Amino acid sequence: MKIFTISTILSCLISLVALAQPSTLTVGNTTLDVRVVIQGSNSSNGIDIPWEIQWGPDNFIWMTERSGRVSRLNPETGARTTILDLSNAVYDQSEAGLLGLQLHPDFENNPYVFLAYTYSSGGVKERIVRYTYNSTSNTLGSPMILLDNINGNSTHIGCRLLILPDNTMLATTGDYQNQSSPQDDNALNGKILRMNLDGTIPSDNPFGPTSYVYSKGHRNAQGLLIAPNGTIYSSEHGPTTDDEFNIIVPGGNYGWPDVAGFCNSTSEMAACNTMTDYQDPLAIWYSGSTIAPSDIVYYNHPAIPEWQGKILMAVLKAEHIKVIELDNVDGTTVVDQEIMFNTAHANNPTSSFNQGLLNRLRDLCVAPDGRVFVATSGSSWSNTSPFTHSILELENSSYSPTSIENEQLAVRTRVYPNPTSGLTKISFASELVGADYVITDFTGRIIATEQITAANVTADFSALASGLYIIQSTNGNYTTSERLVISK
Ligand SMILES: [Ca+2]
Ligand SMILES: [Ca+2]
Ligand SMILES: [Ca+2]
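When the letters of the sequence shown are read in order and numbered with numbering that gives the first Met the number 0, they come out as residues 0 to 487.
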């Protein structure tokens, strides 16, 4: 007769404890309600290793799972609809599978979904493919391969995608456990690649119009974001030390495999001296261990004031959300960082893992109303047990936008050209004529205030530095907020 041992019973109890999500979390003076939107189960409606979540213009969460499903998830009800099942096509193993997802920024007119996944074809490869969303059938179809035959592996395969304001797309590739690739300009691995949204190479790529390479010397970048000021940030997994937080510049060399973390040892400094445009990270975690940083997002909403204007990083191994505060001049230095929801790790950051309140965190997305959604991935590297893979909503339910904002009708402002550098045409809705318009930079700092004297005006932006700005105006029942990109 088989009886349960004490250790089995204990591990069951520990599992039960680990399953429970906290119902609230504290961020400074703010209390966040935690709600499980959907969690893993053995049924087809559960989820298994959610890799990417992105808020869509339809107010659904668009989600990949590593095993090969793309879904639209109703964030209010948790109902999910699989709109593409690539499980027969993807190579799903360890870190590899269906990974990155991006929606076209003008999805109403260009209903494209960009995916990155690994597949088997004479070894493991990875590809980046564009699908078209059919809203009638609620499915993705018409795949168009943008780039394939990139060398892959079961680990170190990158696959984070990011579409930039100039309608090009960045894609991270890992070193696929081949350390000669990151410094080889002719290899696609160990790089951040940049392509047009049809898969062609942008003519202004830094290594010339025949190279997809945007930056080199990467090991395995798993996070990419563009801040409102136009700066691109990335998180990257280090070997056994030195996870990195980088600013990505075109043509930059991020050092791997000759440099891990800061260029600070004798051999590293010798290597750095031979590199063109070597870039040191802004921060590392740590010189004696790693945390496994994943998705990064820029939080720019008053709903959680402690996080506004800061970068949130989902952390896998060390089980926390890291809040990164940058200097408000040009965002090139980390002035503060905070470990959320893992007191043990916060108290002993180089050695305490696996004690986070939310387990391993892989991905984030922010709703337009300031709610943060988190994709969790169980309590260990190999964890596949039900109910530990989830999408959680973090909401400050005591926050409510002022009623005047609720009643205002958002109207479009058209800016041409955009990006721009000098004289620029701005077309406002006629309802706004007579009101002022305000131009702010990414920190919310007011750069200029002008009156809207006519629906069509011409402005001279030649005095503005390159970066992202917001044109805003409010008049009675109407409001507008439009992005303005200055590129010189
Ligand atoms: Ca995301
Ligand atoms: Ca580096
Ligand atoms: Ca180093």
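Think of the CB as a built atom: it goes at the ideal place given N, C-alpha and C, for glycine as much as any other residue.
Predicted, not measured: the structure shown is a model, and the values here were computed from it.
Between A428 and V365, what straight-line distance do the alpha-carbon atoms span, to the nearest angstrom?
Computed Cα separation, rounded: 28 Å.
Leaving out five residues before and five after Y111 in sequence, what residues of the same chain have Cβ atoms less than 8 Å from its Cβ?
Excluding the 5 residues flanking it on each side, Y111 has same chain C-beta neighbours closer than 8 Å at L102, H103, R129, Y130, T131, Y132 and L196, in chain order.
G251 and L278 - do their beta-carbons sit closer together than 8 Å?
Looking at the sequence itself, residue 278 is Gln, so the reference to Leu does not match. Taking 8 Å as the Cβ cut-off, Q278 and G251 qualify as a contacting pair.
Around ligand 2, Cβ to any heavy atom closer than 6 Å, ordered along the chain:
Going by the Cβ distance cut-off, the answer is E243, Y253, G254, W255, V258 and P280.
Relative to the C-alpha of M168, which candidate in L160, C271 and N272 has its C-alpha closest?
Checking every option, the nearest Cα to that of M168 belongs to L160.
The alpha helix (DSSP H) with H344 in it runs from where to where?
H344 -> alpha helix (DSSP H) spans T342 to N346.
Which whole runs of the beta strand (DSSP E) in the segment 90-139 are 3 residues long or more, in chain order?
If only uninterrupted beta strand (DSSP E) runs of at least 3 residues are considered, those enclosed by the segment 90-139 are 97-102, 111-119 and 123-133.
With respect to 7 Å, is the separation between the Cβ of C262 and the closest non-hydrogen atom of ligand 4 below this value?
With respect to ligand 4, the structure offers nothing, as its ligand set consists of ligand 1, ligand 2 and ligand 3.
Mind checking who F372 pairs with in its DSSP beta bridge?
BP columns for F372 point to C364 and E392.
Any heavy atom of ligand 1 within a distance shorter than 7 Å of the CB on L139?
Flag unset: Cβ of L139 not near ligand 1.
Give me, in chain order, the residues of the same chain whose beta-carbon lies closer than 8 Å to that of I446; leave out the 5 immediate sequence neighbours on both sides.
I438, T439, D440, L463 and Y468, listed in sequence order.
heavy atom of ligand 3 below 7 Å from D362 C-beta
Within the chosen limit of 7 Å, ligand 3 does not reach the beta carbon of D362 with any heavy atom.
Just tell me which of N219, A186 and L223 has its CA closest to the CA of S206.
One point to set straight first is that residue 206 is Phe, not Ser, in the sequence displayed. Of all alpha-carbon atoms in N219, A186 and L223, the one lying nearest the alpha-carbon of F206 is that of A186.
Any chance the segment 316-335 sits against the segment 256-268, with 3 or more Cβ pairs inside 8 Å?
Three or more Cβ pairs closer than 8 Å define a contact, and the segment 316-335 falls short of that threshold against the segment 256-268.
Reference T171; option with closest CA among P49, I156 and D183
Across the set P49, I156 and D183, the C-alpha of I156 shows the shortest separation from the C-alpha of T171.
Would the C-beta of Q53 count as close to ligand 1, meaning under 7 Å from any of its heavy atoms?
With a cut-off of 7 Å, the C-beta of Q53 is classified as near ligand 1, since at least one heavy atom of the ligand falls inside that distance.
For the segment 59-78 against the segment 386-394, are there 3 or more C-beta pairs whose distance is under 8 Å?
The answer is yes - the segment 386-394 touches the segment 59-78, with three or more Cβ pairs under 8 Å.
Should E80 be labelled buried (16 or more other beta-carbon atoms within 10 Å of its own) or exposed?
The sequence given here has Thr at residue 80, not Glu. Counting the other Cβ atoms within 10 Å of the Cβ of T80 gives fewer than 16, which makes it exposed.
Identify the residues that DSSP records as bridge partners of L223: which are they?
The beta-bridge partner set that DSSP reports for L223 consists of S233.
For ligand 3, any of its heavy atoms closer than 7 Å to the Cβ of E267?
Yes, since a heavy atom of ligand 3 falls inside the 7 Å radius drawn around the Cβ of E267.
Rounded separation between T289 and V414 - CA only:
Here the alpha carbons of V414 and T289 stand approximately 45 Å from one another.
Taking the alpha-carbon positions, what's the L24 to V33 distance?
Approximately 7 Å, taken between the alpha carbons.
Identify every residue that forms a DSSP beta bridge with E51.
For E51, which the question treats as bridged, DSSP gives the partners T63.
Assuming N152 contacts A88 (C-beta within less than 8 Å), just tell me the rounded distance between them.
With 8 Å as the limit, N152 and A88 do not qualify as a contact, their Cβ atoms being about 17 Å apart.
Taking all protein chains shown into account, do 16 or more other C-beta atoms lie within 10 angstroms of the C-beta of Q450, making it buried, or fewer, making it exposed?
The C-beta of Q450 has fewer than 16 other C-beta atoms within 10 Å across all chains shown, which makes the residue exposed.
Report, in whole angstroms, the separation of the C-beta atoms of T457 and T423, which I expect to be a contact under 8 Å.
About 7 Å; that satisfies the 8 Å criterion.
What residues are listed by DSSP as bridge partners for G466?
Beta-bridge pairing links G466 to I485.
Short Cβ contact (8 Å threshold) for R411 with T478
No, Cβ-Cβ distance for R411 and T478 is not below 8 Å.
Verify the contact flag: D435, CB atom, against every heavy atom of ligand 3, threshold strictly below 7 Å.
Answer for D435: no, Cβ out of range of ligand 3.
Cβ separation of P181 and H217, assumed to be a contact under 8 Å, to the nearest whole Å
Their Cβ separation, rounded to whole angstroms, is 6 Å, which keeps P181 and H217 in contact under 8 Å.
Cβ of L97 within 8 Å of Cβ of G122?
Here L97 is not near G122, since their CB atoms are 8 Å or more apart.
For Q53, count neighbouring Cβ atoms within 10 angstroms of its own Cβ and tell me buried if that reaches 16, exposed if not.
That one is buried.
Proximity of G377 and G229 at Cβ, strictly below 8 Å:
Result no, Cβ atoms of G377 and G229 do not sit closer than 8 Å.
Mind checking whether L360 and A313 have CB atoms under 8 Å apart?
Against a cut-off of 8 Å, the Cβ pair of A313 and L360 comes out as a contact.
Residue ranges of each alpha helix (DSSP H) run of no fewer than 4 residues wholly in the segment 249-326, ordered along the chain?
Qualifying alpha helix (DSSP H) stretches, in chain order: 265-271.
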